[in-house]
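Participant: Protein chains in written order, with my numbering: chain W, 1 to 213; chain E, 214 to 358. We treat Cβ as the ideally placed atom computed from N, Cα and C, and that holds for glycine. For clarity, every value in this text was computed on a predicted model and none was experimentally measured. I have a structure here, written as structure tokens, and I will follow up with some questions on it.
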Amino acid sequence: SGELYCSLPNPRNVRFESVNMKNVLHWLAPEGTGDGVLYKVKYAVYGVGKWIRKPECRNINRTWCDLSSETSDYEEQYYASVKAFLNGTCSDWMETTRFNPLTDTKIDPPMVSVSSTDRSISIILTAPEKWKGSPEEDSISLLQVYPGLQYNVSVLNKKTKKRWLFSISNNTLVVPWLEPGTAYCVSAQIHVTTPLLDSGFSKEYCITTLKDK
Amino acid sequence: TCRVSMSLAEIRAAFTAIKANIQARDPIRTLSILSHPHSLHKVKSADRCCITHQLLTFYVDKVFKHCRTEDSFVNRKISSIANSFLSARRRLGQCHEQNNCMCGEESTEKFKQILANYEELNVTSAAMKSLGELDILLDWMDKSR
């Protein structure tokens, strides 16, 4: 396209938003431009020379572009860039800061499953999987990505409002010496010490211990 | 082999606090000191001790001292990281002297490439780029513990 002189305001706040290494480039439309702005996107591997265009994000009017497959090697770091077009004029290319998928992603809470006897509850935790391009691909648990991954588990006695907090490395926990016929609510969080990454706490899973035999 | 304890979490926290500031001072996307053309992640386990010792020495001798900034907060974080590297290098050096941290041909070659990358830039730019790549080093150290 005949981009002689780019006088369009630039896209703003160009950044990666990443959850479980699903890495999506987001930006805000240039200031003061209404509808009709189109964008194109390119990305680069840090330390390697060239920019690579993303064909699926060429002449798009949305303000995001999924670059998960292009940035799936978390031993690399990346930059991405966006350019806006409107009525024959354009903006400058606007770049992200350096993106490190390993340290710059957010992690979802673990899945929690709970079962009980009369005086104990058993908790099984499952770490989320790393983003993958298609269901056929092998699943990679974030446990494999972050070997130091731990779980913080909260157990609340609904009757007494007493709460216990456990920090465990393996994914199962049995809480003994509980009261029969009592409701307990469990919530869990993922904690990675280095790099420092914490998920939010999962929603609460409540279960009632069996009545006394 | 040598086992040296190093508080990676503390170093990470210090680096994370200044990462955006430091990386913003490095406009060169097309050159990496540590990750291209050879990736640290491809280092064999037998070479890990030697490469770690060489990299600790590299950062102490060629990076931290050339990274003074006008920002006292950033400077304090840099010196806390430098102190951690200094003590880890001292302990690893003792192990190295007892011939428990041998350098094979491959690790020598890989470290030569890192120095070559470093020497492509002027000292200040090369030091600032190396400092901005500390997360690459820490990611590798984390993984190979």
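Compare the beta carbon distance of W/Y79 and E/R242 with 8 Å and say whether it is the shorter of the two.
Facilitator: Within the first sequence, numbered from 1, the residue matching residue 79 of chain W stands at position 79. Within the second sequence, numbered from 1, the residue matching residue 242 of chain E stands at position 29. Contact: yes.
Participant: Note down, in chain order, all residues in the stretch 74-103 of chain W with a beta-carbon under 9 Å from any beta-carbon belonging to chain E.
Facilitator: Of all residues in the stretch 74-103 of chain W, Y74, E75, E76, Q77, Y79, E95, T97, R98, N100, L102 and T103 have a Cβ within less than 9 Å of some Cβ in chain E.
Participant: With a 10 Å radius around its C-beta and 16 neighbouring C-beta atoms as the bar for buried, classify W/C206 as buried or exposed.
Facilitator: Reading the first sequence from its first residue, position 206 is the one you call residue 206 of chain W. Classification of W/C206: exposed, given that the 10 Å Cβ count is below 16.
Participant: At the level of alpha carbons, what is the spacing between W/L197 and E/S297?
Facilitator: On the first sequence, residue 197 of chain W is found 197 positions in, with the first residue counted as 1. On the second sequence, residue 297 of chain E is found 84 positions in, with the first residue counted as 1. When rounded, the distance between both Cα atoms is 22 Å.
Participant: Could you pull out every residue in the same chain whose Cβ sits closer than 8 Å to the Cβ of E/L334, ignoring the five residues on either side in sequence?
Facilitator: As a working mapping, residue 334 of chain E is identified with position 121 in the second sequence. Excluding residues within five positions, the ones whose Cβ falls inside 8 Å are I241, L244 and K342.
Participant: Name the DSSP beta bridge partners of W/Y184, please?
Facilitator: Counting from 1 along the first sequence, the entry for residue 184 of chain W is found at position 184. According to DSSP, W/Y184 bridges with W/N157 and W/I207.
Participant: As a quick exercise: from W/D73, W/R53, W/L38 and W/T209, pick the residue whose alpha carbon is nearest that of W/N61.
Facilitator: As a working note, residue 61 of chain W is residue 61 in the first sequence. Comparing Cα positions, the closest option is W/L38.
Participant: In whole angstroms, what separates the C-alpha of W/V41 from that of W/H26?
Facilitator: Residue mapping note: residue 41 of chain W aligns to position 41 of the first sequence, counting from 1. Residue mapping note: residue 26 of chain W aligns to position 26 of the first sequence, counting from 1. Approximately 11 Å between the Cα atoms of the pair.
Participant: Using DSSP with H/G/I as helix, E/B as strand and the rest coil, what is E/S293?
Facilitator: Working through the second sequence from its first residue, we reach residue 293 of chain E at position 80. Reduced to three states, the DSSP call for E/S293 is helix.
Participant: In this structure, does DSSP put E/R304 in helix, strand or coil?
Facilitator: Walking along the second sequence from the start, residue 304 of chain E turns up at place 91. Helix at E/R304.
Participant: By a C-beta neighbour count over all protein chains shown, 10 Å radius and 16 as the cutoff for buried, is W/W164 buried or exposed?
Facilitator: On the first sequence, residue 164 of chain W is found 164 positions in, with the first residue counted as 1. Exposed, by the Cβ-count rule.
Participant: Using 8 Å as the limit for Cβ to Cβ distance, is W/S1 near chain E?
Facilitator: As a position in the first sequence, residue 1 of chain W is number 1, starting the count at 1. Any reading at W/S1 needs caution, since the residue's pLDDT is 47, under 50, leaving its predicted position unreliable; the model's value is listed next. Not one chain E Cβ lies under 8 Å of W/S1.
Participant: State the start and end residues of the unbroken beta strand (DSSP E) segment that holds E/R261.
Facilitator: Against the second sequence, residue 261 of chain E aligns to sequence position 48. Note, E/R261: premise wrong, no beta strand (DSSP E); alpha helix (DSSP H) at S258 to F271.
Participant: Closer than 9 Å between beta carbons: that is the criterion. Which residues of the stretch 187-204 of chain W meet it against chain E?
Facilitator: Flagged, chain order: T193, T194, P195 and L196.
Participant: Would you mind working out which of E/A227, E/D348, E/F277 and E/I264 sits nearest E/C316, comparing C-alpha positions?
Facilitator: Translated into the one-based positions of the second sequence, residue 316 of chain E becomes position 103. Nearest C-alpha to E/C316: E/I264.
Participant: E/A222 versus chain W: which residues are under 7 Å apart at the beta carbon?
Facilitator: Residue numbering aside, residue 222 of chain E sits at position 9 when the second sequence is read from its first letter. Under the 7 Å cutoff, chain W gives T193, T194 and L196.
Participant: According to DSSP, is E/V287 part of a helix, a strand, or is it coil?
Facilitator: Here residue 287 of chain E refers to the residue found at position 74 when the second sequence is read from its first residue. DSSP places E/V287 in helix when its eight states are reduced to three.
Participant: For W/P135, which three-state DSSP category applies?
Facilitator: On the first sequence, position 135 is the one that residue 135 of chain W refers to. Looking at W/P135 - three-state DSSP - the assignment turns out to be coil, as it is neither helix nor strand.
Participant: Check E/Q236 in the structure and name its three-state DSSP category.
Facilitator: Residue 236 of chain E sits at position 23 when you count from the first residue of the second sequence. If DSSP states are grouped into helix, strand and coil, E/Q236 belongs with the helices.
Participant: Report the three-state DSSP secondary structure of W/V37 (helix, strand or coil).
Facilitator: Your numbering for residue 37 of chain W matches position 37 in the first sequence. In the structure shown, W/V37 sits in coil (DSSP, three-state: anything other than H, G, I, E or B).
Participant: From E/E310 to W/R15, what distance separates their C-alpha atoms?
Facilitator: As a first step, residue 310 of chain E is located in the second sequence; it is residue number 97 there, counting from the start. As a first step, residue 15 of chain W is located in the first sequence; it is residue number 15 there, counting from the start. So the alpha carbons of these two residues sit roughly 47 Å apart.
Participant: Measuring CB to CB, does W/G133 end up less than 8 Å from W/V192?
Facilitator: Mapped onto the first sequence, residue 133 of chain W falls at position 133. Mapped onto the first sequence, residue 192 of chain W falls at position 192. Result no, Cβ atoms of W/G133 and W/V192 do not sit closer than 8 Å.
Participant: In the DSSP assignment, the alpha helix (DSSP H) including E/S361 goes from what residue to what residue?
Facilitator: The question about residue 361 of chain E has no answer, for chain E in this structure spans 214 to 358.
Participant: Exposed or buried, what is W/W177 when buried is set at 16 or more other beta-carbons lying within 10 Å of its beta-carbon?
Facilitator: Looking up residue 177 of chain W in the first sequence gives position 177. Looking at its Cβ environment, which holds fewer than 16 other Cβ atoms inside 10 Å, W/W177 is exposed.
Participant: When you compare only the Cα positions, how much space is there between W/S1 and W/P11?
Facilitator: Locating residue 1 of chain W in the first sequence gives position 1, where the first residue counts as 1. Locating residue 11 of chain W in the first sequence gives position 11, where the first residue counts as 1. Because the pLDDT at W/S1 is just 47, under 50, the model does not fix this residue reliably, and the value given afterwards should be weighed accordingly. One C-alpha to the other measures close to 19 Å.
Participant: Starting from W/W164, follow the beta strand (DSSP E) in both directions and report where the run begins and ends.
Facilitator: By one-based count along the first sequence, residue 164 of chain W stands at place 164. R163 to I168 is the extent of the beta strand (DSSP E) around W/W164.
Participant: Exposed or buried, W/K158, counting other C-beta atoms within 10 Å across all chains shown (16 or more means buried)?
Facilitator: For this step, residue 158 of chain W is matched to residue 158 along the first sequence. Exposed is the call here.
Participant: What did DSSP end up calling W/S1 once you bin it into helix, strand or coil?
Facilitator: In the first sequence, the residue the question calls residue 1 of chain W occupies position 1. Unreliable positioning characterises W/S1 in this predicted model, as indicated by a pLDDT of 47, which lies under 50. The coordinate reading is nonetheless provided below. W/S1 falls in the coil class under three-state DSSP.
Participant: When DSSP labels each residue in this structure, what does W/D104 get in the three-state scheme?
Facilitator: Position 104 of the first sequence, counted from the first residue, corresponds to residue 104 of chain W. Reduced to three states, the DSSP call for W/D104 is helix.
Participant: With a threshold of 7 Å on Cβ separation, who are the neighbours of W/I52 within its own chain once the five nearest residues in sequence on each side are excluded?
Facilitator: If you number the first sequence from 1, residue 52 of chain W lands on position 52. Only K42, Y43 and A44 meet the Cβ criterion.
Participant: For W/Q150, which residues does DSSP report across the bridge?
Facilitator: Locating residue 150 of chain W in the first sequence gives position 150, where the first residue counts as 1. Bridge partners of W/Q150: W/H191.
Participant: Against E/S252, what residues of chain W qualify as contacts under a CB-to-CB distance less than 7 Å, listed in chain order?
Facilitator: Walking along the second sequence from the start, residue 252 of chain E turns up at place 39. What E/S252 touches in chain W: E75.
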